[in-house]
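Participant: Note that the working numbering has the sequence shown beginning at 2, numbered continuously upward.
For glycine and all other residues, C-beta sits at the position ideal for the given N, C-alpha and C.
Quick caveat: nothing in here was measured; it's all calculated off a predicted structure.
Here's a structure for you.
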Amino acid sequence: MSNQFDIKNIEIKQFDPITLTEEDWKLYHEFRKTRHEEVNPDDPYTDNETTEKNMKIAMKHPEADIFLLSIIDSAKSKQIGLVNYLVIKKTSASYEGNKHLVQFDMSILAPYRRKGIGTMALKLIYDFAIDHNKTTLISGSDEVDGKKFLEIIGAQTALTGVENRLNLEEVDWEMISKWEKEGPERSPKTKLQPFYTLPEDIIEQYSKIYTETTNQQPLGDLDVNDIIFTPESLRKMEKRHKELGRKHLTYITVEPDGEISGLTEMIYRPERKYIIEQLLTGVKEKYRGRGLGKWLKAVMLLRVKDEFPDVNIVVTGNATTNAPMLSINDRLGFKVHKEGISGQLTVVNLGKYLESK
Ligand SMILES: CC(C)(COP(=O)(O)OP(=O)(O)OC[C@H]1O[C@@H](n2cnc3c(N)ncnc32)[C@H](O)[C@@H]1OP(=O)(O)O)[C@@H](O)C(=O)NCCC(=O)NCCS
């Protein structure tokens with residue numbers, strides 16, 4: 002098919018998974034398939050039914066208001082792009098510190114780039130930001146075109162990160178067993194506790210260590226304030242994971258006085274087949290340097306090997322400045338899969354860019 006198109010036929014319209022017609026879904030799935038081949042051709046491809054179900058649930062995020070737009074070449078009845086932006090909900094405990102932010106992402110199929118369509122979409126995000134008194138925009142990319150686009154529109158690279166992947170067939174399982182043994186040797190009174198559902202008696206305490214260690218991850222120059230997890234928000238996330246058919250496994254270390262000293266969590270999404278995702282690993286400052294991080298990681302990997310025999314890839318994201326985490330991940334055999342940036346710009350500067358176009 003020819004890649005010629007007329008910019009006059011490009012339409013950007015609201016894309017609401019809850020009310021989409023069958024025809025809209027068809028266009029979306031064709032777009033999604035092409036994007037998958039552009040970006041992650043070797044990763045499992047999620048079937049249409051699961052995608053639709055997941056997107057409908059994803060829209061009802063307990064902490065964020067999410068908006069999606071589709072970009073259509075109406076002459077060809079073809080979806081050629083997708084835009085999403087989100088803001089923190091007023092009801093979220095993290096609202097006060099982060100109410101100035103709009104986070105956005107957009108993707109446009111390769112043949113349609115460098116024609117000003119991304120800029121057209123930015124204008125809509127800009128109008129939204131102005132209407133809602135937002136002052137700062139954050140976006141990210143691990144693609145050449147996306148990084149260049151962010152640079153040109155005036156975004157400052159506020160954080161660099163990597164997507165790391167570990168092939169379980171290449172893991173030194175002897176070293177893992179050693180870490181598993183050393184953990185209790187160095188901390189004989191510390192107990193391990195795994196769970197899929199957060200026990201009610203520790204949820205309050207867990208929400209505190211989860212908040213504390215989440216916010217200790219390096220954020221570079223991002224103008225983001227603490228993300229606060231409450232027992233209610235954790236329960237809502239738990240419910241959402243269950244609705245989405247995800248298995249969210251956590252291990253914590255508990256000290257003799259009942260204090261939770263560390264945690265690690267992984268999430269398995271059935272549609273990702275042989276891939277599991279490592280989420281947060283955090284150890285409270287006063288318990289660091291005792292091998293708890295390695296112990297937690299080791300027991301988690303042993304459990305994953307046992308409980309998810311089809312999984313052979315662990316995926317995780319790390320800021321490039323997170324030395325302690327990268328040191329553990331390095332020794333485990335994680336390798337850089339993609340390098341990404343988080344870009345940040347003020348709404349005022351975006352306005353100046355748009356005026357210049
Ligand atoms: C980011 C993306 C949506 C931009 O869409 P687009 O329609 O090509 O954007 P525009 O045509 O409006 O580009 C605006 C300006 O950005 C700059 N720019 C964009 N891509 C560029 C590239 N690959 N190299 C150099 N400059 C680039 C140019 O200055 C361009 O204006 P110009 O063509 O008049 O010189 C598109 O490249 C994409 O889908 N990338 C992959 C997904 C991604 O990484 N998204 C994250 C970013 S939110």
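When DSSP labels each residue in this structure, what does G155 get in the three-state scheme?
Facilitator: Within the sequence shown, numbered from 1, the residue matching residue 155 stands at position 154. Residue state, collapsed to three classes: coil.
Participant: Assuming G263 and K285 form a contact by the criterion Cβ under 8 angstroms, report the distance between their Cβ atoms to the nearest whole angstrom.
Facilitator: Position 262 of the sequence shown holds residue 263. Position 284 of the sequence shown holds residue 285. Right, their Cβ atoms sit about 7 angstroms apart.
Participant: Does the beta-carbon distance from F68 to G119 come in below 7 angstroms?
Facilitator: To locate residue 68, count along the sequence shown from 1; it is residue 67. To locate residue 119, count along the sequence shown from 1; it is residue 118. No, the pair does not count as a contact, with Cβ atoms beyond the cut-off.
Participant: Classify S178 as helix, strand or coil using the three-state DSSP reduction.
Facilitator: Along the sequence shown, one-based indexing puts residue 178 at 177. Three-state result, S178: helix.
Participant: Checking 7 angstroms against the spacing of the C-beta atoms, do Q80 and Y46 come in under that value?
Facilitator: By one-based count along the sequence shown, residue 80 stands at place 79. By one-based count along the sequence shown, residue 46 stands at place 45. No; because the gap between Cβ atoms is not below 7 angstroms, this pair is not in contact.
Participant: So the candidates are T137, D25, N49 and D128; which of them puts its Cα closest to the Cα of L83?
Facilitator: Locating residue 83 in the sequence shown gives position 82, counting from the first residue. Ranking the options by Cα distance to L83, first place goes to D25.
Participant: In terms of alpha-carbon separation, which member of L280, N313 and T265 lies closest to V300?
Facilitator: The count along the sequence shown starts at 1 and reaches residue 300 at position 299. The residue with the shortest Cα to Cα distance from V300 is T265.
Participant: In the DSSP assignment, what are the bridge partners of V40?
Facilitator: The residue you call residue 40 lines up with position 39 of the sequence shown. None; V40 has no bridge partner.
Participant: For the beta strand (DSSP E) holding Q80, just list the boundary residues, first then last.
Facilitator: Locating residue 80 in the sequence shown gives position 79, where the first residue counts as 1. That run of the beta strand (DSSP E) goes K79 to I89.
Participant: What is the rounded straight-line gap between the Cα of A94 and the Cα of I229?
Facilitator: Mapped onto the sequence shown, residue 94 falls at position 93. Mapped onto the sequence shown, residue 229 falls at position 228. So the two alpha carbons sit approximately 6 angstroms from each other.
Participant: Just to confirm my understanding: we take S208, look at its own chain, exclude 5 residues before and 5 after, and list those with CB closer than 7 angstroms. What are they?
Facilitator: In the sequence shown, the residue the question calls residue 208 occupies position 207. Answer for S208: F230, T231, P232 and L235, listed in chain order.
Participant: Output the distance between the C-alpha atoms of E50 and K243, rounded to the nearest integer angstrom.
Facilitator: On the sequence shown, position 49 is the one that residue 50 refers to. On the sequence shown, position 242 is the one that residue 243 refers to. Looking at the two C-alpha atoms, the distance is approximately 17 angstroms.
Participant: Taking 6 angstroms as the cut-off, does the CB of I342 come closer than this to any heavy atom belonging to ligand 1?
Facilitator: Along the sequence shown, one-based indexing puts residue 342 at 341. Not so, every heavy atom of ligand 1 lies at least 6 angstroms from the Cβ.
Participant: In the DSSP assignment, find the beta strand (DSSP E) that holds R196 and state where it starts and stops.
Facilitator: If you number the sequence shown from 1, residue 196 lands on position 195. What sits at residue 196 in the sequence shown is Phe, not Arg. Residues K192 to F196.
Participant: Check whether the Cβ of I109 sits closer than 6 angstroms to any heavy atom of ligand 1, and report yes or no.
Facilitator: Here residue 109 refers to the residue found at position 108 when the sequence shown is read from its first residue. Yes.
Participant: Name the DSSP beta bridge partners of D106, please?
Facilitator: Mapped onto the sequence shown, residue 106 falls at position 105. DSSP output for D106 lists N85 as bridge partner(s).
Participant: Closer than 6 angstroms to a non-hydrogen atom of ligand 1 - does that hold for the CB of S142?
Facilitator: Along the sequence shown, one-based indexing puts residue 142 at 141. Yes - ligand 1 has a heavy atom lying nearer than 6 angstroms to the Cβ of S142.
Participant: Taking the straight line between their C-alpha atoms, what separation do you get for L169 and A76?
Facilitator: Counted from its first residue, the sequence shown places residue 169 at position 168. Counted from its first residue, the sequence shown places residue 76 at position 75. For L169 and A76, the distance between alpha carbons rounds to 47 angstroms.
Participant: Quick check: does the Cβ of F150 come within less than 6 angstroms of any heavy atom belonging to ligand 1?
Facilitator: Position 149 of the sequence shown holds residue 150. Within the cutoff, so yes.
Participant: Ordered along the chain, which non-local residues of its own chain (more than five positions away) have a Cβ less than 6 angstroms from that of M2?
Facilitator: Working through the sequence shown from its first residue, we reach residue 2 at position 1. For M2, the predicted structure reports a pLDDT of 49, less than 50, and the residue's modelled location is therefore unreliable. The matter cannot be settled from this model.
Participant: Leaving out the 5 sequence neighbours to the left and right, which residues in its chain are closer than 8 angstroms to Y275 when beta-carbon positions are compared?
Facilitator: Mapped onto the sequence shown, residue 275 falls at position 274. If we look at Y275 and ignore the five residues flanking it on each side, its Cβ neighbours are P45, D311, V312, N313 and I314.
Participant: Would you identify the three-state DSSP class for A320, choosing helix, strand or coil?
Facilitator: Within the sequence shown, residue 320 is the residue found at index 319, counting from 1. In this structure, A320 counts as strand in the three-state DSSP scheme.
Participant: Flag T120 as yes when its Cβ comes closer than 6 angstroms to any non-hydrogen atom of ligand 1, and as no otherwise.
Facilitator: Taking the first residue of the sequence shown as 1, we reach residue 120 at position 119. Correct: T120 has its Cβ closer than 6 angstroms to ligand 1.
Participant: Give the range of the alpha helix (DSSP H) segment to which D132 is assigned.
Facilitator: Numbered from 1 along the sequence shown, position 131 holds the residue referred to as residue 132. First-last of the alpha helix (DSSP H) with D132: I118 to D132.
Participant: Between which residues of its own chain and G155 is the CB-CB distance below 8 angstroms, once the five residues before and five after are set aside?
Facilitator: Residue numbering aside, residue 155 sits at position 154 when the sequence shown is read from its first letter. These residues qualify, in order along the chain: L346, N350, L351, K353 and Y354.
Participant: Indicate, with yes or no, if ligand 1 has a heavy atom lying under 6 angstroms from the CB of D128.
Facilitator: Here residue 128 is taken as the residue at index 127 of the sequence shown, counted from 1. Flag unset: Cβ of D128 not near ligand 1.
Participant: Count Cβ pairs between the segment 247-257 and the segment 194-201 that sit closer than 8 angstroms; are there 3 or more?
Facilitator: Flag = yes, the segment 247-257 and the segment 194-201 touch.
Participant: Could you tell me which residues DSSP puts in a beta bridge with L70?
Facilitator: Counting from 1 along the sequence shown, the entry for residue 70 is found at position 69. According to DSSP, L70 bridges with Q15 and V84.
Participant: Specify the secondary structure class of E266 as computed by DSSP and reduced to three states.
Facilitator: Along the sequence shown, one-based indexing puts residue 266 at 265. Reduced to three states, the DSSP call for E266 is strand.
Participant: Report buried or exposed for K190, applying the criterion of at least 16 other Cβ atoms within 10 angstroms of its Cβ.
Facilitator: Sequence index remark: in the sequence shown, residue 190 carries index 189 (1-based). Exposed is the call here.
Participant: Going along the chain, which residues of its own chain have a beta-carbon closer than 7 angstroms to the beta-carbon of K100, five neighbours each way excluded?
Facilitator: On the sequence shown, residue 100 is found 99 positions in, with the first residue counted as 1. Here the set comprises I89.
Participant: What is the C-beta distance between L369 and I177, in whole angstroms, given that I count them as a contact (C-beta under 8 angstroms)?
Facilitator: An answer regarding residue 369 cannot be provided, because it is not within the stretch 2 to 358 covered by the chain.
Participant: In the DSSP assignment, find the alpha helix (DSSP H) that holds K336 and state where it starts and stops.
Facilitator: Residue 336 sits at position 335 when you count from the first residue of the sequence shown. Looking at the DSSP string, K336 is not in any alpha helix (DSSP H); the run it does join, the beta strand (DSSP E), is K336 to T347.
Participant: What's the call for H249, buried or exposed, on a 16-neighbour Cβ count within 10 Å?
Facilitator: Along the sequence shown, read from residue 1 onward, the residue named residue 249 stands at position 248. By the 10 Å Cβ count, H249 comes out buried.
Participant: Please report the distance separating the alpha-carbon of L21 from that of R166.
Facilitator: In the sequence shown, residue 21 corresponds to position 20, counting from 1. In the sequence shown, residue 166 corresponds to position 165, counting from 1. Cα to Cα, L21 sits roughly 35 angstroms from R166.
Participant: I'd like the span of the beta strand (DSSP E) that includes T51, first residue to last.
Facilitator: On the sequence shown, residue 51 is found 50 positions in, with the first residue counted as 1. That residue, T51, is in no beta strand (DSSP E); its alpha helix (DSSP H) goes N49 to M60.
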